[in-house]
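Colleague: Numbering of the sequence shown is given in numbering that gives the first Met the number 0, commencing with residue 0 and proceeding in unit increments.
C-beta: ideal position from N, C-alpha, C; glycine also.
Only a predicted model underlies this, so the values are computations on that prediction, with no experimental measurement involved.
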Amino acid sequence: MAHPQSIGILEKKFGNRLQQQVALHNYATARVGGAAAWFVTVRNTTELADAVQTCWDDNLKFFLLGSGSNVLFSDEGFDGLVILNHAKKIEMKISGEHPTLWVESGASLGLVARKAALSGLSGLEWAATVPGTIGGAIYGNAGAHGSDMHSNLLLAEILQHEKGKSIWKKEDFQFSYRSSIFKRHDESGVILSATLNCVYDDPQKIKERMNVFSEHRRRTQPPGASMGSMFKNPPGDYAGRLIEAAGLKGYSIGGVKVSEVHANFFVNSDQATASDIYDLVQHVQKTVNKEFKVELELEVEMIGFNQTANNNKANHGKASI
Numbered sequence: 000m001a002h003p004q005s006i007g008i009l010e011k012k013f014g015n016r017l018q019q020q021v022a023l024h025n026y027a028t029a030r031v032g033g034a035a036a037w038f039v040t041v042r043n044t045t046e047l048a049d050a051v052q053t054c055w056d057d058n059l060k061f062f063l064l065g066s067g068s069n070v071l072f073s074d075e076g077f078d079g080l081v082i083l084n085h086a087k088k089i090e091m092k093i094s095g096e097h098p099t100l101w102v103e104s105g106a107s108l109g110l111v112a113r114k115a116a117l118s119g120l121s122g123l124e125w126a127a128t129v130p131g132t133i134g135g136a137i138y139g140n141a142g143a144h145g146s147d148m149h150s151n152l153l154l155a156e157i158l159q160h161e162k163g164k165s166i167w168k169k170e171d172f173q174f175s176y177r178s179s180i181f182k183r184h185d186e187s188g189v190i191l192s193a194t195l196n197c198v199y200d201d202p203q204k205i206k207e208r209m210n211v212f213s214e215h216r217r218r219t220q221p222p223g224a225s226m227g228s229m230f231k232n233p234p235g236d237y238a239g240r241l242i243e244a245a246g247l248k249g250y251s252i253g254g255v256k257v258s259e260v261h262a263n264f265f266v267n268s269d270q271a272t273a274s275d276i277y278d279l280v281q282h283v284q285k286t287v288n289k290e291f292k293v294e295l296e297l298e299v300e301m302i303g304f305n306q307t308a309n310n311n312k313a314n315h316g317k318a319s320i
């Protein structure tokens, strides 16, 4: 990977925060993955925009990483720059009839929901236990308990290669189930910040609703190292039900297995490799398709694989939750 101009610019901007050969398993919730050729942590949206624009200007491949909860890096790693998004500023605007939250894209979705609750702002209860960042949640239209980011987003500031910065309304994102135009098209851009709508409510009532959702998560989702839901639910059905009905609950390859708590979760139970997980993905997809004629589509981004699994293309400028 020869990009001396962009690497030199990044070194001047970020100093020793720009690192080489950084192990990605330390930044992924599945605890697998090889090394990033280059790695930098950005602390605010200005730094995020600078890093991304530098990559675009020199055609340096990059991947924007959030909490690492919805991504699988290959054992070979990533031959480019991984940008870890730690732009986390949160501002509450609670005057007037329509309170809003302004948040940078690297802020934790769950933390934003909990801060809103403490201030008597309702609407994000569903997100209190959902892992990931605001940017990643918008990118993949994250959701739970009958709601999603489409329901909460008002506006977002984005950066595009040729067009620079602009403000998008939520309609511009063309949201669909667990997807947006950003996830479907590599060239869409990068999310810098977002404005979310809320409504006033009693903080205690908000807390009670959040506790119900938290308890549901503890009952139905496995502990341990995983990436969250592996597959999108097909129309009119559930991926977990299909996987279980195919007899795959508890099935393992290498150090990874289909969770016995919820079959749409793959758990790194014994020093799994990314290849183990990839092989299990393919096995589950083929088995479910053979049994039920249903093609399971990945919800997780797979980076650095020769992708024969049914997945959205993931390469230049992609982002994870």
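1. Does the structure place the stretch 115-122 close enough to the stretch 168-182 that three or more beta carbon pairs sit under 8 Å?
2. Since Ala-262 and Ile-242 are thought to touch, with beta carbons under 8 Å apart, how far apart are those beta carbons, to the nearest angstrom?
3. Going by the CB atoms, is the gap between Tyr-138 and Cys-181 shorter than 8 Å?
4. Measure the C-alpha to C-alpha separation of Gly-105 and Ala-50 and round it to an integer number of angstroms.
5. Along the chain, which unbroken stretches of the beta strand (DSSP E) at least 3 residues long are found entirely within the stretch 23-105?
6. Which residues in the same chain have their Cβ closer than 7 Å to the Cβ of Tyr-26, if we skip the five residues on either side of it in sequence?
7. Near Ile-6, which residues of its chain fall below 6 Å by C-beta distance, leaving aside the five closest residues on each side in sequence?
8. Compare the Cα-Cα distances from Ala-48 to each of Met-301, Val-280 and Ile-157 and report the closest residue.
9. May I have the straight-line CA-CA distance separating Phe-230 from Tyr-277, to the nearest angstrom?
10. Hey, could you find the ends of the alpha helix (DSSP H) Leu-9 is sitting in?
11. When DSSP labels each residue in this structure, what does Glu-300 get in the three-state scheme?
12. Below 8 Å between beta carbons: does that hold for Ser-225 and Val-260?
13. Does the count of Cβ pairs from the stretch 91-103 and the stretch 188-195 closer than 8 Å reach three?
14. Give, in chain order, every unbroken run of the beta strand (DSSP E) that is at least 3 residues long and sits entirely within the stretch 180-264.
15. Between which two residues does the alpha helix (DSSP H) harbouring Lys-168 extend?
16. From the DSSP output, read off the bridge partner residues of Ile-276.
17. Please report how far the alpha carbon of Val-211 lies from the alpha carbon of Leu-59, in whole angstroms.
18. Could you check where the beta strand (DSSP E) with Leu-153 kicks off and where it finishes?
19. Shortest alpha-carbon distance to Asn-305 belongs to which of Thr-45, Gly-14 and Phe-72?
20. Strictly by DSSP, which residues pair up with Gln-328?
21. Is there a Cβ from chain C that is less than 8 Å from the Cβ of Asn-43?
22. Gly-303 and Glu-75 look like a contact to me (Cβ under 8 Å); what is the Cβ gap, rounded to whole Å?
23. Going by Cα to Cα distance, which pick from Lys-169, Lys-292 and Ser-178 is closest to Asn-69?
24. If contacts are defined as beta-carbon pairs under 8 Å, then Ala-116 and Met-209 qualify, I think. What distance do you get, rounded to the angstrom?
25. State the start and end residues of the unbroken alpha helix (DSSP H) segment that holds Leu-110.
26. With a threshold of 16 other CB atoms inside 10 Å of the CB of Lys-256, please say whether the residue is buried or exposed.
27. In the DSSP assignment, find the unbroken alpha helix (DSSP H) run with Ala-141 in it and report its ends.
28. With a threshold of 16 other CB atoms inside 10 Å of the CB of His-215, please say whether the residue is buried or exposed.
29. Compare the beta carbon distance of Lys-169 and Leu-153 with 8 Å and say whether it is the shorter of the two.
30. Do you know offhand how far Thr-307's Cα is from Met-91's?
31. Distance, Cα to Cα, Ser-107 vs Glu-294?
Modeller: According to the structure shown:
1. no
2. Mapped onto the sequence shown, residue 262 falls at position 263. Mapped onto the sequence shown, residue 242 falls at position 243. Right, the Cβ-Cβ distance comes to about 4 Å (below 8 Å), so this counts as a contact.
3. Sequence index remark: in the sequence shown, residue 181 carries index 182 (1-based). Sequence index remark: in the sequence shown, residue 138 carries index 139 (1-based). As written in the sequence, residue 181 is Phe, which differs from the Cys given in the question. Yes, Cβ-Cβ distance for Phe-181 and Tyr-138 is below 8 Å.
4. In the sequence shown, counting from the first residue as 1, residue 105 sits at position 106. In the sequence shown, counting from the first residue as 1, residue 50 sits at position 51. Near 14 Å, if we compare the C-alpha coordinates of Ala-50 and Gly-105.
5. 34-41, 61-64, 70-72, 77-84, 89-92 and 99-103
6. For the purposes of this step, residue 26 is taken as residue 27 along the sequence shown, with counting starting at 1. Within the same chain, Tyr-26 has close Cβ partners Leu-64, Gly-67 and Leu-83.
7. Mapped onto the sequence shown, residue 6 falls at position 7. Closer than 6 Å at the Cβ level, and outside the excluded window around Ile-6, lies no residue.
8. To locate residue 48, count along the sequence shown from 1; it is residue 49. Looking at the Cα atoms, Ile-157 is the closest of the given residues.
9. Taking the sequence shown and counting its residues from 1, one reaches residue 230 at position 231. Taking the sequence shown and counting its residues from 1, one reaches residue 277 at position 278. Distance between the alpha carbons of Phe-230 and Tyr-277 is about 13 Å.
10. Position 10 of the sequence shown, counting from 1, holds the residue named residue 9. Here the alpha helix (DSSP H) through Leu-9 covers 3-13.
11. As a first step, residue 300 must be located in the sequence shown, where it is residue number 301. Glu-300 falls in the strand class under three-state DSSP.
12. Here residue 225 corresponds to residue number 226 of the sequence shown, with the count starting at 1. Here residue 260 corresponds to residue number 261 of the sequence shown, with the count starting at 1. No, Cβ-Cβ distance for Ser-225 and Val-260 is not below 8 Å.
13. yes
14. 189-196 and 255-257
15. To locate residue 168, count along the sequence shown from 1; it is residue 169. Note, Lys-168: premise wrong, no alpha helix (DSSP H); beta strand (DSSP E) at 163-168.
16. For the purposes of this step, residue 276 is taken as the residue at position 277 of the sequence shown. For Ile-276, which the question treats as bridged, DSSP gives no partner whatsoever.
17. Mapped onto the sequence shown, residue 211 falls at position 212. Mapped onto the sequence shown, residue 59 falls at position 60. For Val-211 and Leu-59, the distance between alpha carbons rounds to 45 Å.
18. Within the sequence shown, the letter at position 154 stands for residue 153. That run of the beta strand (DSSP E) goes 152-159.
19. Taking the first residue of the sequence shown as 1, we reach residue 305 at position 306. Asn-305 has its Cα closest to that of Phe-72, out of Thr-45, Gly-14 and Phe-72.
20. Residue numbering for the chain in the displayed model covers 0 to 320; residue 328 lies beyond these limits and cannot be assessed.
21. The question asks about chain C, but that chain is absent: this structure has only one protein chain.
22. Counting from 1 along the sequence shown, the entry for residue 303 is found at position 304. Counting from 1 along the sequence shown, the entry for residue 75 is found at position 76. About 6 Å; that satisfies the 8 Å criterion.
23. The residue labelled residue 69 in the question sits at position 70 within the sequence shown. It is Ser-178.
24. Along the sequence shown, one-based indexing puts residue 116 at 117. Along the sequence shown, one-based indexing puts residue 209 at 210. Going by Cβ atoms, the distance from Ala-116 to Met-209 rounds to 6 Å, so yes, they are a contact pair.
25. Translated into positions along the sequence shown, residue 110 becomes position 111. It spans 108-117 - the alpha helix (DSSP H) in which Leu-110 sits, taken as one unbroken run.
26. As a working note, residue 256 is residue 257 in the sequence shown. Buried: at least 16 other Cβ atoms inside 10 Å.
27. Translated into the one-based positions of the sequence shown, residue 141 becomes position 142. That residue, Ala-141, is in no alpha helix (DSSP H); it is neither H nor E in DSSP.
28. Within the sequence shown, residue 215 is the residue found at index 216, counting from 1. Looking at its Cβ environment, which holds fewer than 16 other Cβ atoms inside 10 Å, His-215 is exposed.
29. Walking along the sequence shown from the start, residue 169 turns up at place 170. Walking along the sequence shown from the start, residue 153 turns up at place 154. Cβ distance < 8 Å, so Lys-169 and Leu-153 count as in contact.
30. Stepping through the sequence shown from its first residue, residue 307 is reached at position 308. Stepping through the sequence shown from its first residue, residue 91 is reached at position 92. Residue placement at Thr-307 is poorly supported in this model, since its pLDDT is 47, which falls under 50; the coordinates are not used for a value here.
31. Here residue 107 refers to the residue found at position 108 when the sequence shown is read from its first residue. Here residue 294 refers to the residue found at position 295 when the sequence shown is read from its first residue. Cα to Cα, the separation comes out at about 32 Å.
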